[in-house]
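Residue numbers (the working numbering): 15 to 250.
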């Protein structure tokens, strides 16, 4: 049994019998069948409302039956969701455990084709899916709005470069490319993830387009770069 399977099986065996834990499921690369040697584990738990964070005590006891916890980071110490990150001694440096908790009173509704998941256990059928919302994408209108945004923001790219404010200039250019990535996602019918920035761009955007986007991301920026970007967008 590999380390990922061992971790999942151990948590399942330790948590499933607890009355305060109602469901456990996976998201991320393992659930999406996009797992490789660099992938982490994204684990979700539905727990009694009052155990949103105290359940991590049980999680840690389970993990320590496998190996010593040599890294722990509480990403969400407050709020409606819990999120701790762990690493176990002796395992791949990339195998971090993102363990997320949500209250039993909070509905678990995942979007079909977008929020891919794998159920480990679900005692009361809590996990539900909903169809994707149909979005009307008008390419001509969206492209026209994008070009306006590029033209407007490019002024800030240029004037901050002329002022010698290289970081600010680059940030405005990055804002342009983030907006471009939103457009490319919409064009590829993945409008639900337009707020992801560049995260998952290699997965969501067609290969030839994301390679071109990557080239623009690392390009030296001048007027020709902006014009080249607009010409490319108009051609696809």
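Note that the Cβ used here is the ideal one computed from N, Cα and C, for glycine as well.
**OP:** Just mark residue 31 as buried or exposed, buried being the case when its beta carbon has 16 or more other beta carbons within 10 Å.
**Re:** Stepping through the chain shown from its first residue, residue 31 is reached at position 17. Classification of residue 31: exposed, given that the 10 Å Cβ count is below 16.
Original post:
What distance in whole Å lies between the Cβ atoms of residue 100 and residue 40, which are believed to be in contact at a cut-off of 8 Å?
Top reply: If you number the chain shown from 1, residue 40 lands on position 26. If you number the chain shown from 1, residue 100 lands on position 86. So it is not a contact: roughly 15 Å between Cβ atoms.
Subject >> Contact between the stretch 58-78 and the stretch 118-131 (3+ Cβ pairs under 8 Å) >> reply: yes
Subject >> Touching by the beta-carbon criterion (3+ pairs, under 8 Å), the stretch 153-170 and the stretch 208-217 >> reply: no
Original post:
So what's residue 99 in DSSP terms, helix, strand or just coil?
Top reply: Sequence index remark: in the chain shown, residue 99 carries index 85 (1-based). If DSSP states are grouped into helix, strand and coil, residue 99 belongs with the strands.
Original post:
What do you get for residue 15, buried or exposed, if any count of 16 or more other CB atoms within 10 angstroms of its CB means buried?
Top reply: Within the chain shown, the letter at position 1 stands for residue 15. Exposed, since its Cβ has fewer than 16 Cβ neighbours within 10 Å.
**OP:** Tell me, please, whether the stretch 134-150 touches the stretch 34-49 by the rule of three or more beta-carbon pairs shorter than 8 Å.
**Re:** yes
Subject >> Residues sharing a beta bridge with residue 57, DSSP >> reply: Counting from 1 along the chain shown, the entry for residue 57 is found at position 43. Answer by DSSP bridge pairing, in chain order: 40 and 113.
**OP:** Give the DSSP bridge partners of residue 124, in chain order.
**Re:** Mapped onto the chain shown, residue 124 falls at position 110. According to DSSP, which records beta bridges pairwise, residue 124 is partnered with 143.
**OP:** Alpha carbon to alpha carbon, how far is residue 176 from residue 45? Give it in angstroms, no decimals.
**Re:** Counting from 1 along the chain shown, the entry for residue 45 is found at position 31. Counting from 1 along the chain shown, the entry for residue 176 is found at position 162. The straight-line gap from Cα to Cα measures roughly 48 Å.
**OP:** Could you tell me whether the stretch 76-89 touches the stretch 48-59, where touching means 3 or more Cβ pairs closer than 8 Å?
**Re:** no
Original post:
Which partner residues does residue 133 have in the DSSP bridge list?
Top reply: Translated into the one-based positions of the chain shown, residue 133 becomes position 119. According to DSSP, residue 133 bridges with 39.
Original post:
Thinking C-alpha only, which one of 48, 17, 70 and 240 is nearest residue 187?
Top reply: Taking the chain shown and counting its residues from 1, one reaches residue 187 at position 173. Residue 240 is the option with its Cα nearest to residue 187.
Original post:
Does the stretch 138-149 touch the stretch 224-238, meaning 3 or more C-beta pairs lie closer than 8 Å?
Top reply: no
Original post:
If you count every other CB in all the chains shown that lies within 10 Å of the CB of residue 166, and 16 or more means buried, which is it?
Top reply: Sequence index remark: in the chain shown, residue 166 carries index 152 (1-based). It is exposed - the Cβ of residue 166 has fewer than 16 other Cβ atoms within 10 Å.
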